[in-house]
Amino acid sequence: APSVSAAAPRTTQNNYHLAQAYLDKYYTSKAGPQVGEMGAPGGRALIKKIKELQAFFGLRITGKLDRPTMDMIKRPRCGVPDVAN
Amino acid sequence: YRLFPGEPKWKKNTLTYRISKYTSSMSPAEVDKAVEMALQAWGSAVPLSFIRVNSGEADIMISFETGDHGDSYPFDGPRGTLAHAFAPGEGLGGDTHFDNAEKWTMGMNGFNLFTVAAHEFGHALGLAHSTDPSALMYPTYKYQHPYGFHLPKDDVKGIQALYGPRKTL
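As given, the protein sequences belong to chains H and C, one line each in that order. The numbers in the first sequence follow the numbering used here, run straight up by one, and end at 667. The numbers in the second sequence follow the numbering used here, run straight up by one, and end at 1527.
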């Protein structure tokens, strides 16, 4: 049982980094927010981008990296950003 | 549908394209066919025609690239990002790159090149991503059968907003 619990946090961390990279790539315009605005992980800017992604894909807008959002992030896709760039 | 900021479009009705680098997972003839069918999908809806050239610069330069290939948008290996294209314009404008780390195919045992090429050429002609899940310009991969393919309504509206409808005789 302990090994299971050890695996869960790692998966969450992997998902977090995957989501961060995805949002940086597809939901940041090149003119881009100032680094300060990005703030600490899980900051307001990140939640705002998660909501933008959920709105774009018609998902329930929770601002959280829930299962439907992570499933969408893991789908193969086009490399052009979804927000104006 | 969505257009790019400033609504860039080609100011001419005949565009040239050139496939400058191929992939090892399909024969050159298959790549040529998939690209031709993908361009024709858009050409059937608007008064645009596409001429293939085999040397020099073309409006739409097409190539299979790996990792960092010099345009500030590095590819990421298998899955993830499959391809990208640039909005109409000089230089890189219209150019379309496919991630050579993917397994490309004419069928369904990999990523169907027609499907991805048709989507990317939408960008090369001026369309951004659509929020309509049934649209070809929806950002995530969804297999489209190349033969008998018709552009979904959302994509027809988008491309005709830029170039007007193709006049039927």
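We put the beta carbon where it would ideally sit given N, CA and C, even for glycine. Every value quoted in this text rests on a predicted model; they were computed, and no experiment measured them.
Alpha-carbon to alpha-carbon, residue j and residue i
i                   : j                   : result
Leu-635 of chain H  : Leu-605 of chain H  : 8 Å
Gly-1435 of chain C : Thr-1372 of chain C : 34 Å
Ala-1493 of chain C : Lys-1511 of chain C : 8 Å
His-1442 of chain C : Leu-1361 of chain C : 16 Å
Met-1384 of chain C : His-1455 of chain C : 15 Å
Pro-591 of chain H  : Lys-646 of chain H  : 16 Å
Thr-593 of chain H  : Arg-1410 of chain C : 47 Å
Arg-1376 of chain C : Asp-648 of chain H  : 43 Å
Arg-659 of chain H  : Leu-628 of chain H  : 21 Å
Gly-1451 of chain C : Ala-1445 of chain C : 5 Å
Ala-1416 of chain C : Thr-1374 of chain C : 5 Å
Ala-1387 of chain C : Tyr-1380 of chain C : 10 Å
His-1521 of chain C : Asn-596 of chain H  : Note that residue 1521 of chain C corresponds to Tyr in the displayed sequence, not to His. Rounded to whole angstroms, Tyr-1521 of chain C to Asn-596 of chain H spans 44 Å at the Cα level.
Gln-637 of chain H  : Ser-1413 of chain C : Checking the displayed sequence, the identity of residue 637 of chain H turns out to be Ala instead of Gln. Cα to Cα, the separation comes out at about 43 Å.
Gly-1549 of chain C : Gly-1480 of chain C : Because chain C in this structure spans residues 1359 to 1527, residue 1549 of chain C falls outside the shown range and cannot be described.
Ser-1430 of chain C : Glu-1478 of chain C : 17 Å
Ile-632 of chain H  : His-1508 of chain C : 33 Å
Thr-1498 of chain C : Thr-1489 of chain C : 11 Å
Ser-1382 of chain C : Glu-1448 of chain C : 29 Å
Asp-1453 of chain C : Val-1474 of chain C : 14 Å
Gly-625 of chain H  : Gly-1484 of chain C : 34 Å
Leu-1397 of chain C : Ala-1476 of chain C : 7 Å
Met-1466 of chain C : Glu-1460 of chain C : 13 Å
Asp-1517 of chain C : Pro-1523 of chain C : Per the sequence shown, residue 1517 of chain C should be read as Ile rather than Asp. Taking the straight line joining both Cα atoms gives about 8 Å.
Lys-1391 of chain C : Ala-601 of chain H  : 36 Å
Pro-623 of chain H  : Val-1393 of chain C : Only weak support exists for where Pro-623 of chain H lies, its pLDDT of 47 falling under 50; the coordinates are left without a value.
Lys-1515 of chain C : His-1427 of chain C : 33 Å
Lys-1367 of chain C : Val-662 of chain H  : 17 Å
Met-654 of chain H  : Thr-1526 of chain C : 39 Å
N-terminal and C-terminal residue of the beta strand (DSSP E) that residue i is part of
i                   : result
Glu-1423 of chain C : 1418-1423
Leu-1440 of chain C : 1439-1443
Per DSSP, cross-strand counterpart(s) of residue i
i                   : result
Trp-1462 of chain C : C:Phe-1469
Arg-659 of chain H  : C:Thr-1439 and C:Thr-1498
DSSP state of residue i mapped onto helix, strand, coil
i                   : result
Tyr-1533 of chain C : There is simply no residue 1533 of chain C to check, as chain C begins at 1359 and stops at 1527 in what is shown.
Gln-1409 of chain C : Sequence inspection shows Ile at residue 1409 of chain C; the Gln mentioned does not correspond to that position. The answer is strand: DSSP assigns Ile-1409 of chain C an E or B state.
Phe-1479 of chain C : helix
Asp-1457 of chain C : strand
Gly-618 of chain H  : Note that Gly-618 of chain H scores 40 on pLDDT, short of 50, meaning its location in the model is unreliable; the coordinates nonetheless yield the value given after this. Helix, per DSSP.
Leu-1361 of chain C : strand
Leu-1485 of chain C : strand
Asp-606 of chain H  : helix
Lys-1525 of chain C : coil
Thr-593 of chain H  : helix
His-1427 of chain C : coil
First through last residue of the alpha helix (DSSP H) which encompasses residue i
i                   : result
Asp-1513 of chain C : 1511-1521
Asp-653 of chain H  : 649-655
Ile-643 of chain H  : Per DSSP, Ile-643 of chain H belongs to no alpha helix (DSSP H) and is neither H nor E.
Leu-1397 of chain C : 1386-1401
Residue-chain proximity (residue i, chain A), Cβ-Cβ < 8 Å
i                   : result
Pro-1523 of chain C : Note that chain A does not occur in the displayed structure, where the protein chains are H and C.
### Task
Using a Cβ-Cβ cut-off of less than 9 Å, give me the residues of the stretch 1464-1477 of chain C that come near chain H, in sequence order.
Phe-1469, Val-1474 and His-1477
### Message
Which residues of the stretch 1499-1510 of chain C have a Cβ closer than 7 Å to any Cβ of chain H? Give them in chain order.
### Response
Tyr-1499
### Task
Select from the stretch 1411-1443 of chain C all residues with a C-beta closer than 8 Å to any C-beta belonging to chain H, and list them in chain order.
Using a CB distance below 8 Å, the part of the stretch 1411-1443 of chain C facing chain H consists of Tyr-1431, Phe-1433, Arg-1437, Gly-1438, Thr-1439, Leu-1440, Ala-1441, His-1442 and Ala-1443, ordered along the chain.
#### Entry: Interface positions of the stretch 629-658 of chain H facing chain C (Cβ-Cβ less than 9 Å), listed along the chain
Ala-637, Phe-638, Phe-639, Gly-640, Met-654, Lys-656, Arg-657 and Pro-658
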